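Q: One structure follows; several queries about it will come next.
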Ligand SMILES: Nc1ncnc2c1ncn2[C@@H]1O[C@H](COP(=O)(O)OP(=O)(O)OP(=O)(O)O)[C@@H](O)[C@H]1O
Ligand SMILES: [Mg+2]
């Protein structure tokens, strides 16, 4: 379980979070929506240990991460978190396969077979040796999903993962995520502007001006 | 994966690669050359410096009442070969004994009292326990003796230039000692007291003075280890272990001590002026070489550092991503440096080849021969290359690794 308490993030020029409290259950699929600048990305980055809050706490199964040092956080990230960003952050000169292997390298040791297997699961077995520039936006995002999940993280954090995709590709990605989610049972926290995308989750948080203003659960 | 990281670096970062390559080639070449020079410099420079003259003087030991008697004391010529049996025998590169005495001479019916000096000119000294000879003589311990004419043989002698000038003598003139007539074969200029002497072979001097086998003092030229703090300790106050160390180090003092032990009734002392000057020159030379190497190292590392700084800056998005993926500092550094290392290793090899060339030129220019330790240059160049990479990459890496992944990723949106 992820526990967030009194989270504030103050930048010199703006206040991004004004006190966020929430609990996220294991295996939950949580969507976060809200207008631009409401602090969604900031929240996600702090949840993933990419950034420190100004105030407040974030704990994973009772373990506080906001007091960890940089290198402890790196270990925490590679052991527990998978990231997917709006832009498919891939290393441009590495092939799809190598981009996935990079995450293995940072986690422990590279295993080409396993990496190829992960790409197969996202439907890219025919694109292993292509560079990002030779892949479509949807395909790139699928490489990112394979990379995010290669080390079996407990939590997948996605910041507008379909923001650059058309409806069809968005659907493909979400179906893929849904399948992996039910198979592997990781937690998903997904930030989006798209109600269609948000609808894939079982719970929706709405943010405004650095606060959570609505917390709804859907029972399908 | 590593391979592709390297290839990408080589292809995409041509400017950085070029800068790194050339600063590493230049740096490793210069430093490898200077260091190998410094290995040999000591020996070579010592030999050059030996032209300063003898650095050890062996005289008869004068003890107690004997000194009051005012009698001249002598060393035995037959003891001299034993100098080549001491621990540091190979460091003895010049030996010349002298027999100094007054000579009653007669020139054109006029009687004079001369200062006479007998010494070895070209001596083949038998080395005990070895087959060969040691070629030695007065010119191995002094470089400032100049003979106008030729060296004297039997019944021949040299006249010091001052003496010859005063008496108006020239080559071919004669001087009579007792019943023996000596011909002047040359005029000796030394710039010191020998200019007032008659100089002949040691054998002739011993014969006409009736002092067979005797010498007054011996000058010795030895390659020595520069005196350091330890060397100045009083040997008589050393612990046995210290004494052992002192005895087995080629200090001018310990060599003198060993010479004293093999020449009966002798007292050997360093010519401090010479010994100290040599030590100072060597120390300063080496210091200069090390400082220059250090400066070169810093300069190259700085070139490397600047190139990497801009290269890593361009790749900060990549680095931020690696950090977001949970990459540890070490693994990210390895990845980032693999390309750099490939370049610097290649460049070190280039530096090695260049240093072969450089050391050849410098060796020939400075010492007249190439340097010998050329194989050593390769590992030295590689080590320096590696060291430069680490030194040059330290700051850029530290800066890159301190980037906040969130900010870097955001900045790229
Ligand atoms: N590094 C930063 N320095 C200063 N201000 C920042 C920084 N990052 C975010 N902010 C500010 O914090 C607030 C929240 O930003 P955040 O990126 O979390 O919004 P968001 O909800 O993700 O918006 P969007 O939907 O446009 O991605 C904004 O006002 C933004 O300008
Ligand atoms: Mg955002």
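Chains as they are written, first to last, in this note's numbering: chain C, -1 to 218; chain D, 49 to 461. We treat Cβ as the ideally placed atom computed from N, Cα and C, and that holds for glycine. Only a predicted model underlies this, so the values are computations on that prediction, with no experimental measurement involved.
Work out the CA separation of residue 367/D and residue 453/D for me, nearest whole Å.
A: Approximately 8 Å between the Cα atoms of the pair.
Q: What residues match up with residue 174/D in a beta bridge as DSSP calls it?
A: Paired residue(s): 181/D.
Q: Do you know how far the Cα of residue 182/C is from the Cα of residue 29/C?
A: Taking the straight line joining both Cα atoms gives about 18 Å.
Q: Are the Cβ atoms of residue 377/D and residue 104/C separated by less than 8 Å?
A: Going by C-beta atoms, residue 377/D is not nearer than 8 Å to residue 104/C.
Q: Which value, in whole angstroms, describes the spacing of the CA atoms of residue 115/C and residue 148/C?
A: Approximately 9 Å, taken between the alpha carbons.
Q: In chain order, what residues of the same chain have a beta carbon less than 7 Å from the beta carbon of residue 82/D, not counting five sequence neighbours either side?
A: Only 337, 340, 341 meet the Cβ criterion.
Q: For the beta strand (DSSP E) that residue 199/D lies in, which residues bound it at each end?
A: From DSSP, residue 199/D is part of no beta strand (DSSP E); its letter is neither H nor E.
Q: Spatial neighbours of residue 391/D within its chain, please: CB distance less than 6 Å, with the 5 preceding and 5 following residues excluded, ordered by chain position.
A: Closer than 6 Å at Cβ, skipping near neighbours: 65, 68, 69.
Q: Should residue 423/D be labelled buried (16 or more other beta-carbon atoms within 10 Å of its own) or exposed?
A: Looking at its Cβ environment, which holds fewer than 16 other Cβ atoms inside 10 Å, residue 423/D is exposed.
Q: For chain D, find out if any of its Cβ atoms is closer than 8 Å to the Cβ of residue 153/C; answer yes or no.
A: Answer no: the Cβ-Cβ gap between residue 153/C and chain D never drops below 8 Å.
Q: Which residues in chain D sit within 7 Å of residue 105/C, going by Cβ to Cβ distance?
A: By Cβ distance, chain D contributes 374.
Q: Using a Cβ cut-off of 8 Å (strictly closer), state whether residue 361/D contacts chain C.
A: So no, residue 361/D is outside the interface.
Q: Out of curiosity, what's the CA-to-CA distance linking residue 221/D and residue 232/D?
A: The straight-line gap from Cα to Cα measures roughly 6 Å.
Q: Would you report the Cα separation of residue 167/D and residue 260/D, rounded to the nearest angstrom?
A: The straight-line gap from Cα to Cα measures roughly 13 Å.
Q: Spatial neighbours of residue 460/D within its chain, please: CB distance less than 8 Å, with the 5 preceding and 5 following residues excluded, ordered by chain position.
A: Below a pLDDT of 50, predicted positions are generally treated as unreliable, and residue 460/D, at 45, falls in that range; the measurement from the model is reported next regardless. Excluding residues within five positions, the ones whose Cβ falls inside 8 Å are 365, 368.
Q: Once the 5 residues before and after residue 204/C are set aside, which same chain residues still bring their CB inside 6 Å of it?
A: So the qualifying residues of the chain are 31, 32, 211, 212.
Q: From the DSSP output, in three-state form, read off residue 78/C for me.
A: DSSP places residue 78/C in helix when its eight states are reduced to three.
Q: Compute every distance between the C-beta of residue 207/C and the non-hydrogen atoms of ligand 2, then say whether any falls below 7 Å.
A: Not so, every heavy atom of ligand 2 lies at least 7 Å from the Cβ.
Q: Could you list which residues in chain D have their beta carbon closer than 7 Å to that of residue 72/C, in chain order?
A: Those are 371, 374, 375, 376, listed as they occur along chain D.
Q: What residue range is occupied by the uninterrupted beta strand (DSSP E) comprising residue 231/D?
A: Segment 228 to 237, the beta strand (DSSP E) holding residue 231/D.
Q: Hey, how far is the Cα of residue 169/C from the Cα of residue 202/C?
A: Going from the Cα of residue 169/C to the Cα of residue 202/C covers about 18 Å.
Q: Is it buried or exposed, residue 80/D, if we count other Cβ atoms within 10 angstroms and call 16 or more buried?
A: Its Cβ being crowded by 16 or more others within 10 Å, residue 80/D is buried.
Q: Which residues in the same chain as residue 226/D place their Cβ atom closer than 6 Å to its Cβ, once the five residues preceding and following it in sequence are excluded?
A: The answer is none, since no qualifying residue turns up.
Q: Output, in chain order, the set of chain D residues within a Cβ distance shorter than 7 Å of residue 43/C.
A: Within chain D, the residues near residue 43/C are 454.
Q: Since residue 49/C meets chain D, which of its residues come closer than 7 Å, beta carbon to beta carbon?
A: By Cβ distance, chain D contributes 452, 454.
Q: By the three-class DSSP mapping on this structure, what secondary structure does residue 209/C have?
A: Residue 209/C falls in the strand class under three-state DSSP.
Q: Are the CB atoms of residue 308/D and residue 275/D within a distance shorter than 8 Å?
A: Against a cut-off of 8 Å, the Cβ pair of residue 308/D and residue 275/D comes out as no contact.
Q: Using a beta-carbon distance below 8 Å, is residue 379/D in contact with chain C?
A: Closer than 8 Å: yes.
Q: Measuring only between beta-carbons, confirm whether residue 366/D sits less than 8 Å from chain C.
A: Closer than 8 Å: yes.
Q: Which residue comes first and which comes last in the alpha helix (DSSP H) that contains residue 142/C?
A: Per DSSP, residue 142/C belongs to the alpha helix (DSSP H) from 135 to 147.
Q: Check this for me: beta carbons of residue 187/C and residue 22/C, under 8 Å apart or not?
A: Cβ atoms of residue 187/C and residue 22/C: closer than 8 Å.
Q: Between the alpha carbons of residue 160/D and residue 283/D, how many angstroms are there, rounded?
A: For residue 160/D and residue 283/D, the distance between alpha carbons rounds to 47 Å.
Q: Are the CB atoms of residue 319/D and residue 104/D nearer to each other than 8 Å?
A: Against a cut-off of 8 Å, the Cβ pair of residue 104/D and residue 319/D comes out as a contact.
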